[in-house]
Amino acid sequence: MVGLAIAEKVSEENKNIFLIEKHSSFGQETSSRNSEVIHAGIYYTRDSLKAKLCVEGKWLLYDYCKKYDVPFRNCGKLIVATSVEEIEVIKGIRQTAIKNGVDDLQLLGRKKIAELEPNIFALEAIFSPSTGIIDSHSLMKQYETNAVNNSCQIVYGSEVTGISKLNKGYKITLLDADKKNYSFTTNIVINSAGLTSDLISEMVGITDEKLKIMFCKGEYFRINPPKNRLINRLVYPVPHQNMEGIGIHVTVDMAGGVKLGPDVEYLESNNYNYKLTASKQEAFFRSASRFLPFLEFDDISPEMAGIRPKIQKPGEPLRDFYIMEESKRGYPGFINLIGMESPGLTSSLSIAKYVDVLIKNII
Ligand SMILES: Cc1cc2nc3c(=O)[nH]c(=O)nc-3n(C[C@H](O)[C@H](O)[C@H](O)COP(=O)(O)OP(=O)(O)OC[C@H]3O[C@@H](n4cnc5c(N)ncnc54)[C@H](O)[C@@H]3O)c2cc1C
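For my numbering, count along the sequence shown from 1 and bump the result up by 19.
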């Protein structure tokens, strides 16, 4: 998602752009295993890249979807307080959001909540009108189409296996789909490799404990029909401490499906473990039934899993996106994007703009 958005933007004014992808098509990893929510930018630390790029990115994304007919729905989201203590928490969330430039949040009482979502339980709630959902596959397809129309060359089925710094620029070694090695040189490298972006950075010689990615799995359960029809929009509980995740929430998708999740599980090693854990059903059910009183245990089934590329260690405070042109470390023209977890989808167009400016400053 992020690599394609950057490829589209950078190829508007530059020639000889190559996008290298190890799989045979786009979106085989995190970008097709997420909640597909256009986030409003409510929770993030003031002045962080996450806060700024999310707020800018959501408006860019809504405009882009309208311009290119990418399916989306500006359905809005409720953040619900199910206890007296949580009422204070949602009021605090509203204050953080205002500092981030999200000034459209509305505090709702029970009557208003019942008008929007008659089947949920909440004492009070915040309504975020600028939150929405999107068909992320169509979005990536559009990024790809526009990049190719700008003469960007997309090389699928080729894995970057080595990067070495030259006197000027970098030598990139690839392993292609026929298991043959080849290499080329370039002045600028943009590392947008998601779950393995720390390894790509290490290939060139940048080792930094703070940029080590930990795989953090998030599993989803679906609400089976017909009860999926009892919810119309996104409904979130109050987030976890430290924002490791934003709580098992309810997401609706463009096809009418309704999902619970994702939970937060740091994996012991960085394995692509997308296996679903049926035994988590009890925990999902208990967590969601606090605000979905109609839910019965058998109404949910395992759906899918995604993996967050976390640079935030368990228990640490929220970490920001790491987006850096690495001249200060002695690697001019090497641009790292590491820890591109949520809201990476929402921010993809603003991230692309940000990287484009970094490149303009180099050229
Ligand atoms: C459970 C979950 C829920 C989420 N929900 C949301 C949400 O609702 N809204 C939101 O805004 N964001 C959400 N996100 C975050 C969002 O999905 C990510 O920020 C975004 O998809 C990251 O895109 P990316 O292009 O950086 O990474 P990726 O999709 O991982 O792409 C990186 C690409 O690099 C390729 N690659 C890696 N190494 C190499 C190599 N050596 N050679 C060649 N190619 C290589 C990979 O094959 C991959 O295709 C969620 C994430 C998760 C895990």
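Just so it is clear, CB atoms sit at the ideal spot from N, CA and C, and this is done for glycine as well.
Item: Any non-hydrogen atom of ligand 1 within 6 Å of E284 CB; Value: no
Item: I39: CB within 6 Å of a non-hydrogen atom of ligand 1; Value: yes
Item: V376 burial status per 10 Å Cβ neighbour count (16 or more: buried); Value: exposed
Item: Segment limits, alpha helix (DSSP H) that includes V99; Value: V99 -> not in any alpha helix (DSSP H); beta strand (DSSP E) instead, spanning 96-100.
Item: Any non-hydrogen atom of ligand 1 closer than 6 Å to V89 Cβ; Value: no
Item: Sufficient close CB pairs (3 or more, under 8 Å) joining the stretch 323-330 to the stretch 227-236; Value: yes
Item: S67 CB to nearest heavy atom of ligand 1 below 6 Å; Value: no
Item: Residues bridged to Y81 [DSSP beta-bridge criterion]; Value: None, per the DSSP bridge assignment.
Item: Classification of S102 by the beta-carbon crowding that lies within 10 angstroms, buried from 16 upward; Value: exposed
Item: Start-to-end residues for the beta strand (DSSP E) that takes in N200; Value: 200-205
Item: Strand pairing of L235, partner residues [DSSP]; Value: A small fix is needed here, since residue 235 is Cys in this sequence, not Leu. In DSSP, C235 forms a bridge with Y285, R327.
Item: S346 CB to nearest heavy atom of ligand 1 below 6 Å; Value: no
Item: beta-carbon A166 near ligand 2 non-hydrogen atom, thresh 6 Å; Value: Because ligand 2 does not appear in the structure shown, any question about it cannot be addressed here, the ligands present being ligand 1.
Item: Nearest-angstrom Cα separation, counted from E136 out to F304; Value: 19 Å
Item: E104 classed as buried or exposed, judged by whether at least 16 other C-beta atoms fall within 10 angstroms; Value: exposed
Item: Distance between Q47 and L295 (C-alpha atoms, nearest Å); Value: 17 Å
Item: Cβ separation of H58 and T150, assumed to be a contact under 8 Å, to the nearest whole Å; Value: 6 Å
Item: Check whether A307 and I354 have beta carbons under 7 Å apart; Value: no
Item: In chain order, each alpha helix (DSSP H) run of at least 4 residues that lies wholly inside the stretch 123-176; Value: 129-135, 155-168
Item: 8 Å contact criterion, which F91 and I152 should meet: CB distance rounded; Value: 7 Å
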